[in-house]
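A short write-up of the structure that comes next.
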Amino acid sequence: MSRFNLLSDAWIPIKGQSELIKVCDIVQADIIALDAPRADFNAALMQFLIGIVQTVFAPQNPREWRKFFESPPSESELQEKLDTVKGAFYLDGDGVRFMQDASIQEKKNLKPIEEIIFGAPGDSTKSKNGDFFVKQQDVDNLCASCSAIAVFTTNIFADQGGAGYFESMRGNGFISNLISIDEKQTKASLWRNIWLNILTADLVFKNKEQEKFLWMQEVSNNEVKRKQLTDIINKLDKKIIKYSGLIDEAKDKKELKELKEKKKEVQQQKKNTQRVRKDITGIYPENANSLLVYWAWGRRLYLQTDPCDELCSLCGKHKVFTKSVYKASKGYNYPKIIWKHPFSAYRKAESGEYEGSFLAFEMTSKGLPYIYWSDFFKTTEKQFPAQVVTQYFKNQQLKKEQLILWSFGFVMDSNSPKGWYESKTPLYFIDNENNRKVIEAEIQRYIEASNKISDSYSGYLTNAVKNAWFDENENKNKDQKKAFINNKSVEVGKYFWSQTHDKFYDLVNQLYSLSDPLNEDNRIKLRITWHTHILIISEHVFNQWAFKASIKTNPRRIALAHKQLMQNLHSKSLKQDTLGIPKEKRND
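Letter 281 of the sequence shown, counting from 1, is numbered 289 in the numbering used here, and no numbers are missing.
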């Protein structure tokens, strides 16, 4: 009986086409975008395709990268490369299966297929009727396409699902950043969007001898894992000793500084490794193929295939492939304080359990408004962009392309997904370093002004709405005020951001289009435009929200809150200190 293979069979859903395509078909110019039945499936499938192209077809240098960006390989050329790893990508049948473990086939491990859908309820959640994101029994079967994407998705976004169920190598509720071309552009294609996130081979092909597909071998026993961890710590100790010697022999201050930074980095690696030393299930970069960032396998699953003529309960288009899955704990763990994924920006934790370690940006209940626009591009001592974004800014060929940053991820409440957010924001390429810094500083002014208005705790607008709802007396309605700050204030902020979103990006575009960004008069005109806009929108939002209080409306209280809001919006703090509008400049 023939087996279903993800690298040679058709299973990828494409926008505008009813037929599924094969992986090798992604090079076709008329294929623009993916069309999976869920947003997280689309995001995961895009990462799968980037990962497989990175694995089998990585360009050797920037010149080769440019060649294939302009002219993709032929279908047969790509298929030839795919065939080299075909054995790791069977979805069914006897033998090795894609991200599956045949050893867990026991009756006690057999579960409904809905349990491999990320966000699906577990036994405890079902008993408490807490199945909000995915309703129990909503998904009782899957086609081959949805099965493959679900297996990959549940590994990418894995949460801390109890003892032996480890979170993904980017943590719980992380944000992904991918570079892409707007679908409306004539040069847009799925291949180009994939290739924009492909790194040159020298950036990823390290530790080549290590296995890149861990599901092709038996899950290592604890003794082997303990030895691997000890070997890693010993290697790091040798590196520290090496850098100590080089520091003593440094020829100048520049070399001394670089060596000290490298030594500090290795010391932090050792600290992080020792921190998770008791975790004998861990997989670490020092002893792993660097391509594991694309193929991190942590969930021990095994699909019980049961093909029939029914249609998939998720996509409703293709015949059923499976209705149940074997599921077991004690898979591999990829400690998030050790691994760095090329699709995520990282920020240093300043407190808590992971203080001093860089962790992937985490999604919050605010979602992805424009106030985070610059966070994904900054490189400071406390944060750095996704590797694919860093590569973009180094690629001179792309300065003529109008590209966008596609950001996405789940917002999590403990281990339960509470929502999915994604955004597509414009990217701009500027050669002149001074112009770039000036423009970025200007955009930061817009963002800080917006934050002063919409911040959940101290925002002019959010506080005005709160004061319109509740009396000023601190102790009166104390619980309601606390609930407002924790819940409603975020909703007010979201509404404000949605109303000012288009204008923000319009002004950003105008900034990057300035013939002379260093001319302050031009910049001040745009600052005044932004101030006028956010003032109008703030009053509009206040008028809509002020009368939504669940308690008795008080006209006097609303009038006082409105008066304070207008004073704050015209204040020196907002206009002069934040936006930099000279005192003599007027809005009329």
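Glycine included, C-beta positions come from ideal geometry on N, C-alpha and C.
CA-CA distance, Met574 to Tyr362, rounds to 42 Å.
Annotation: Asn494 is outside any alpha helix (DSSP H) and is labelled neither H nor E by DSSP. Put simply, the region 177-193 touches the region 343-354. At least three CB pairs are less than 8 Å apart. DSSP, reduced to helix, strand and coil, places Ala554 outside both helices and strands of the structure shown, so it counts as coil. Each of Leu99, Glu269, Ala209, Ala296 was checked against the Cα of Gln218, and the nearest Cα belongs to Ala296. DSSP lists no bridge partner for Asn117. Between His570 and Ala457, the CB-CB gap reaches or exceeds 8 Å. In the DSSP assignment, Trp203 falls outside any beta strand (DSSP E) and within the unbroken alpha helix (DSSP H) covering 198-203.
Under the three-pair Cβ rule at 8 Å, the region 367-374 counts as touching the region 498-509. Counting only runs that start and end inside the region 414-487, the beta strand (DSSP E) elements of at least 3 residues fall at 424-434.
With respect to the 8 Å criterion, Ile202 and Ala196 are not classified as neighbours on the basis of their beta carbons.
Within the DSSP bridge table, the entry for Leu411 names Ile189 as partners. Secondary structure note for Gln55: its alpha helix (DSSP H) is the uninterrupted segment 47-65. Using a Cβ distance threshold of 8 Å, Gln518 and Leu534 count as a contacting pair. The beta carbon of Ala96 is closer than 8 Å to those of Val104, Phe106, Phe221, Trp223, Met224 in its chain, skipping five residues each way along the sequence.
In the DSSP assignment, Thr92 falls outside any beta strand (DSSP E), carrying neither H nor E. Taking a contact as a CB-CB distance under 8 Å, the pair Leu367 and Ile346 does not count as one, their CB atoms being some 11 Å apart. Taking a contact to require three or more Cβ pairs closer than 8 Å, the region 169-182 and the region 33-44 do not qualify as touching.
Checking the DSSP bridge columns, you'll see Ser332 partnered with Pro120, Gln312. Ranked by Cα distance from Asn163, the first of Tyr251, Thr398, Tyr302 is Tyr302. Between the region 512-528 and the region 429-448, the count of Cβ pairs shorter than 8 Å is three or higher; the stretches touch.
In the displayed model, Ser546 falls within a helix according to three-state DSSP. Per DSSP, the beta-bridge partners of Ser184 are Phe416. Annotation: the region 340-421 contains the following complete segments of the alpha helix (DSSP H) (minimum length 4 residues), in chain order: 395-402. Here the alpha carbon of Asn149 sits roughly 21 Å from the alpha carbon of Phe165. DSSP places Ser155 inside the alpha helix (DSSP H), whose first and last residues are 152-164.
With distances taken between CA atoms, Thr63 lies nearest to Thr208 out of Val333, Phe384, Thr208, Gly324. Contact between the region 303-310 and the region 333-340 is present: three or more C-beta pairs spanning the two stretches fall below 8 Å. Thr586 and Leu99 have their C-alpha atoms roughly 56 Å apart. Under DSSP, Lys327 takes part in a beta bridge, and its partners are Leu319.
In the structure shown, the three-state DSSP call for Leu568 is helix.
Residue nearest to Gly501 within the set Ile20, Lys474, Glu430 is Lys474 (criterion: CA-CA distance).
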